[in-house]
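Engineer: Take this structure, written in C-alpha cells, and hold onto it; I'll ask about it next.
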Ligand SMILES: [Zn+2]
Ligand SMILES: [Zn+2]
C-alpha cells in the first residue's frame with residue numbers, strides 16, 4: 227500500500243486494506259522463506275501530516291500456522307500488533323549527523339512523496355512471531371529415536387536407549 231504524502235488531507239485519513247499470505251511470501255526480505263505463511267492480513271491505520279512529516283498509527287491483524295519447536299505439530303497463532311511510525315523526508319547533507327541518531331524502529335524516511343506501508347506491515351508481522359513456540363508447556367516432543375509424536379502415542383525406544391548406554395558403560399568398565 228503506497229501513500230502519496232501530498233494527498234493526505236488536512237484532517238488526516240483512514241486506511242483499511244488487506245493482504246494475503248502470497249503477498250507476504252513475495253515481499254519478504256531475504257532469500258530463505260520462513261516456515262509459516264500468514265492468513266489474510268487486515269490492516270487499519272490512520273495517517274496524518276504536519277508539513278512534510280507524516281505520522282501513521284494502526285493495527286495489523288492476522289493468524290499464522292507455526293510448527294511447535296518440539297513436536298512440529300502446527301499451531302494456529304493469532305497475531306495482532308499496533309504500530310506507530312513517523313516518516314520524514316531524507317535529511318539533507320547538512321542535517322546528516324543530527325538525523326542519524328534518530329534511527330529508531332518506528333522512525334523512517336520516505337522518498338519522493340511516497341510512503342510504502344508494505345514494509346511496515348511485513349516488519350510488524352515478523353516481530354510478532356516467537357522464535358521458539360511450544361504447543362503446550364508440557365509438550366513431550368518427538369522421540370529422538372523413532373520420530374514418533376510422544377504427545378499422541380508412546381514407543382519403546384526409551385528403554386533401548388538406556389540399555390545401549392548401559393551396554394557402553396559395561397564395556398568400558400570391562401576394559402582392563
Ligand atoms: Zn509440541
Ligand atoms: Zn521411539
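In the numbering used here, the protein residues as written are 227 to 402. Glycine included, C-beta positions come from ideal geometry on N, C-alpha and C.
1) Could you please give me the residues that DSSP links to residue 271 through a beta bridge?
2) Rounded to the nearest angstrom, what separates residue 245 and residue 318 at their Cα positions?
3) Of all the options 346, 278, 351, 350, which has the alpha carbon lying nearest to the alpha carbon of residue 316?
4) Looking at C-alpha atoms only, which residue of 355, 228, 242 is the closest neighbour of residue 304?
5) Is it buried or exposed for residue 350, if we count other Cβ within 10 angstroms and need 16 for buried?
6) Just the Cα atoms here: how many angstroms apart are residue 359 and residue 371?
7) Three-state secondary structure (DSSP) at residue 253?
8) Going by Cα to Cα distance, which pick from 379, 373, 377, 343 is closest to residue 270?
9) Using the Cα positions of residue 332 and residue 280, report the straight-line distance between them to the nearest angstrom.
10) Within 6 Å: the Cβ of residue 299 and any heavy atom of ligand 1?
11) Could you check if residue 288 is buried or exposed, using at least 16 other CB atoms within 10 Å of its CB as the buried criterion?
Structural biologist: The relevant details are as follows:
1) Mapped onto the chain shown, residue 271 falls at position 45. Among the bridge pairs identified by DSSP, residue 271 is matched with 241, 284.
2) Your numbering for residue 245 matches position 19 in the chain shown. Your numbering for residue 318 matches position 92 in the chain shown. Using only the alpha carbons, I get a separation of about 34 Å.
3) On the chain shown, position 90 is the one that residue 316 refers to. Cα-wise, what sits closest to residue 316 is 278.
4) Translated into positions along the chain shown, residue 304 becomes position 78. Closest option to residue 304, Cα to Cα, is 355.
5) Along the chain shown, read from residue 1 onward, the residue named residue 350 stands at position 124. Sixteen is the threshold: when 16 or more other Cβ atoms of the shown chains lie within 10 Å of the Cβ of residue 350, as they do, the residue is buried.
6) Here residue 359 refers to the residue found at position 133 of the chain shown. Here residue 371 refers to the residue found at position 145 of the chain shown. Each residue's Cα considered, the two are about 22 Å apart.
7) Stepping through the chain shown from its first residue, residue 253 is reached at position 27. Here residue 253 sits in helix by DSSP.
8) Residue 270 sits at position 44 when you count from the first residue of the chain shown. Of the residues 379, 373, 377, 343, the one whose Cα lies closest to the Cα of residue 270 is 343.
9) Along the chain shown, one-based indexing puts residue 332 at 106. Along the chain shown, one-based indexing puts residue 280 at 54. The alpha-carbon atoms of residue 332 and residue 280 are separated by roughly 12 Å.
10) As a first step, residue 299 must be located in the chain shown, where it is residue number 73. Because some heavy atom of ligand 1 lies under 6 Å away, the Cβ of residue 299 counts as near it: yes.
11) For the purposes of this step, residue 288 is taken as residue 62 along the chain shown, with counting starting at 1. Buried, by the Cβ-count rule.
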